[in-house]
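Working notes, beginning with the structure itself.
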Amino acid sequence: MSKVRALLFDLDNTLMDRDHTFRSFCTQFVADFLGHAEPDEAQALIEDIIVRDKDGYRDKDGFFAELSEVLPWKTPVTAAEIRSYYDKSYFDHGALMKGAGDILKYCQKRGYILGLVTNGREEIQSGKIDRLSLRGYFKSIVISGEAGISKPDPAIYQLALARLGFTAGQTLFIGDHPVNDIWGASRAGMDTIWLRRNHPWDTALGEQPRKIIDDLHELKHIL
Numbered sequence: 013m014s015k016v017r018a019l020l021f022d023l024d025n026t027l028m029d030r031d032h033t034f035r036s037f038c039t040q041f042v043a044d045f046l047g048h049a050e051p052d053e054a055q056a057l058i059e060d061i062i063v064r065d066k067d068g069y070r071d072k073d074g075f076f077a078e079l080s081e082v083l084p085w086k087t088p089v090t091a092a093e094i095r096s097y098y099d100k101s102y103f104d105h106g107a108l109m110k111g112a113g114d115i116l117k118y119c120q121k122r123g124y125i126l127g128l129v130t131n132g133r134e135e136i137q138s139g140k141i142d143r144l145s146l147r148g149y150f151k152s153i154v155i156s157g158e159a160g161i162s163k164p165d166p167a168i169y170q171l172a173l174a175r176l177g178f179t180a181g182q183t184l185f186i187g188d189h190p191v192n193d194i195w196g197a198s199r200a201g202m203d204t205i206w207l208r209r210n211h212p213w214d215t216a217l218g219e220q221p222r223k224i225i226d227d228l229h230e231l232k233h234i235l
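So the sequence shown is numbered by this note's numbering: it starts at 13 and just counts up by one.
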């Protein structure tokens, strides 16, 4: 990949282990708000919340409103109270994806310029980035809540490229979501690497990733 000079990474379930992070958050949430539940019931509640969350692709307002209605509270808890708790505590549960720190250091050592593109609210995504000590690796960080555009809109990738100072042809995108990362970045002209996580590939997308990996360490054999 001699022409590639810059790398753009996704955050959730690419550099941050979102599965671990959300499960940890749910465990603390159930302990704090539903401590009256017996251990088996508490575990079932954690699993139920994880399923309802749909890997983070639920509208948060609707998700919190649903939790307010369906969970077995001793004292009712509003969607606004759940939102406040989430905003204050969620990113404290952040955990790096296996190999993330090592691969970012490797990429820098190889001379690649790094950027990050993530969907989400600016304060939440920034909290995760800082909690995981990732900020220093990146020349550019683009968060949809701050930019006013979201993946897979090509404009968010074009903004990230402009901030990096490289063309799409010089940049490789690495992410886990078939649409928001791979399809979107491909439409913006970038080659892509798909990190397989929770979302199956949709053959209707047309664009194929240049490479498919199951572990970030595999990037060392590609870059």
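C-beta atoms are modelled at their ideal positions from N, C-alpha and C, and glycine is treated no differently.
In this text, all values refer to a predicted model and were calculated from it rather than measured experimentally.
query	result
Residue ranges of each alpha helix (DSSP H) within the segment 42-100, 4 or longer	51-65, 72-82
Reduced DSSP secondary structure (H/G/I, E/B, other) of Phe21	strand
C-beta contact flag for Asp24 and Gly74 at 8 Å	no
Span of the alpha helix (DSSP H) around Lys140	134-143
Proximity below 8 Å, CB of Leu116 to CB of Leu144	no
Secondary structure of Lys151, DSSP reduced to three states	coil
Other residues of its chain near Arg175: CB distance less than 6 Å, five sequence neighbours each side excluded	Ser152
Of the residues Trp195, Asp29, Glu50, Ala54, the one placed nearest Phe41, counting alpha carbons only	Ala54
Residue interval of the beta strand (DSSP E) (run including Lys223)	223-225
Beta-carbon spacing of Phe150, Gly127 below 8 Å	yes
Every unbroken alpha helix (DSSP H) inside the segment 174-206 [4 residues or more]	196-199
8 Å Cβ cutoff met for Ala197 and Phe185	yes
Coil, strand or helix - Leu116 by DSSP	helix
Under 8 Å between C-beta atoms of Ala180 and Gly201	yes
Endpoints, alpha helix (DSSP H) assigned at Gly106	Segment: none, Gly106 is in no alpha helix (DSSP H) and carries neither H nor E.
Delimiting residues of the beta strand (DSSP E) encompassing Gly127	125-130
Inter-residue Cα distance where the pair is Glu81 and Thr33	24 Å
Span of the alpha helix (DSSP H), counted from its first residue to its last, around Ser156	156-159
Beta-carbon spacing of Gly187, Leu207 below 8 Å	yes
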